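A short write-up of the structure that comes next.
Numbering (the working numbering), first residue to last: -10 to 319.
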């Protein structure tokens, strides 16, 4: 939900979203501003990169990733890949048979995360079709309880309840929670998001350095203006009027961008944001930028090519807990 709409041009245009859940065969196009590999030491390029990714069957995705082949699209890691900084970016396929597909293809996935030595995975857009296409009025969120009240509770016990059987079951519950905590810690060490922290970069260099064009989408190639007109760079203030991409997104309507929930939620869970919604007051230093192939850029108010838009709100599923339900409408 952008404050002002994008103006469609040769460089800025929407991509339709997949409506049918199916197996996608062959290769699809990913684009993003992420790192050159999955290590933290790689330099960050300042150019949008494209890569054709070979997809895995849903059955293989279920085995190699997170066990829910209905919620994810997975890729074959023998070749190109996406990396840290690409989160929220689009995975677009052609010749899918989806009724929504147009000339540029159809949006089938949103970059979500990576499992070490297993490959990257995308949130399957068709799984969230109803959520994405739902367009509730802003006023309808006024009575939503806070995140804390939805996801935590403090049961009260009277002294009469504390018999030996109750204590036994409470001890079993505590033991189960400890095992679950250890398991989640192990899993999160193996599974990482593909968003980037803008504080990792200390130098400011405007414009593309053609002598240092390196793939950020792993084994990708530099994009030209207009190659992927639906691509959005979600930028955060880096220094003065210089902004840097921290995640990607895809234009699906004049005032709507599709991205990943973890791009916004991981550092914003507080009593000031309502469940499933992040409002404008928490998005003041962020922009959705379309029509530009630069990751790091200087803010401009004109619409000559790059179009900078402030964010009104971000909506994500209340059930979100990375990597599940990792989708967001901006």
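The beta carbon of each residue, even a glycine, is placed where N, CA and C say it ideally should be. Since the model is a prediction, treat every value here as computed from it, not as a measurement.
CA-to-CA distance, residue j to residue i, given in whole angstroms
| i | j | result |
| --- | --- | --- |
| residue 80 | residue 17 | 7 Å |
| residue 287 | residue 231 | 5 Å |
| residue 39 | residue 216 | 9 Å |
| residue 144 | residue 305 | Note on residue 144: pLDDT 33, under 50, position unreliable in the model; the coordinate value appears next. If you take the alpha carbons of residue 144 and residue 305, they lie about 28 Å apart. |
| residue 199 | residue 123 | Model confidence at residue 199 stands at a pLDDT of 31, short of 50, so the residue's coordinates are unreliable; what they give is reported in the following sentence. Near 42 Å, if we compare the C-alpha coordinates of residue 123 and residue 199. |
| residue 282 | residue -10 | 22 Å |
| residue 35 | residue 235 | 12 Å |
| residue 83 | residue 225 | 32 Å |
| residue 104 | residue 85 | 26 Å |
| residue 229 | residue 214 | 26 Å |
| residue 311 | residue 265 | 14 Å |
| residue 102 | residue 295 | 28 Å |
| residue 292 | residue 300 | 17 Å |
| residue 313 | residue 273 | 27 Å |
| residue 11 | residue 108 | 20 Å |
C-beta neighbour in chain D for residue i, strict 8 Å
| i | result |
| --- | --- |
| residue 216 | Annotation note: the requested chain D is absent from the structure, which comprises a single protein chain. |
CB-CB length for residue i against residue j, believed under 8 Å
| i | j | result |
| --- | --- | --- |
| residue 233 | residue 275 | Between residue 275 and residue 233 the Cβ distance is about 11 Å, and since that is not below 8 Å, they are no contact. |
| residue -3 | residue 44 | Not a contact, Cβ separation roughly 29 Å. |
| residue 246 | residue 319 | 4 Å |
| residue 223 | residue 252 | 6 Å |
Beta-carbon gap between residue i and residue j smaller than 8 Å
| i | j | result |
| --- | --- | --- |
| residue 239 | residue 221 | yes |
| residue 279 | residue 1 | yes |
| residue 326 | residue 110 | Absent from the model: residue 326. The displayed extent of the chain is -10 to 319, so no value can be given. |
| residue 75 | residue 116 | no |
| residue 63 | residue 48 | no |
| residue 243 | residue -5 | yes |
| residue 37 | residue 212 | yes |
| residue 21 | residue 100 | yes |
| residue 112 | residue 94 | no |
Same chain, Cβ closer than 8 Å to residue i, neighbours up to 5 away in sequence not counted
| i | result |
| --- | --- |
| residue 118 | 6, 7, 8 |
| residue 96 | 4, 5, 6, 7, 79, 80, 81, 114, 219, 239, 241, 247 |
| residue 88 | 8, 9 |
| residue 156 | With a pLDDT of 45 at residue 156, under the threshold of 50, the modelled position of that residue is not reliable, and no figure is offered here. |
| residue -1 | 215, 218 |
Cut-off 6 Å between Cβ atoms - residues of its own chain near residue i, not counting five sequence neighbours on either side
| i | result |
| --- | --- |
| residue 268 | 302 |
| residue 91 | 5 |
| residue 210 | 39 |
Beta-carbon proximity list for residue i, same chain, < 7 Å, skipping 5 on both sides
| i | result |
| --- | --- |
| residue -7 | 298 |
| residue 77 | 99, 100, 223, 236, 237, 238, 248, 249, 252 |
| residue 324 | Since the first and last residues shown for the chain are -10 and 319, residue 324 lies out of range. |
| residue 46 | 12 |
Residue i Cβ short of 7 Å to the ligand MG heavy atom set
| i | result |
| --- | --- |
| residue 231 | With respect to the ligand MG, the structure offers nothing, as it holds no ligand at all. |
**Study point:** Uninterrupted beta strand (DSSP E) stretches inside the stretch 267 to 302 (no shorter than 3 residues)
**Key:** 275 to 279, 285 to 287, 296 to 299
Review point. Along the chain, which unbroken stretches of the beta strand (DSSP E) at least 3 residues long are found entirely within the stretch 81 to 126?
Key: 95 to 104, 108 to 113
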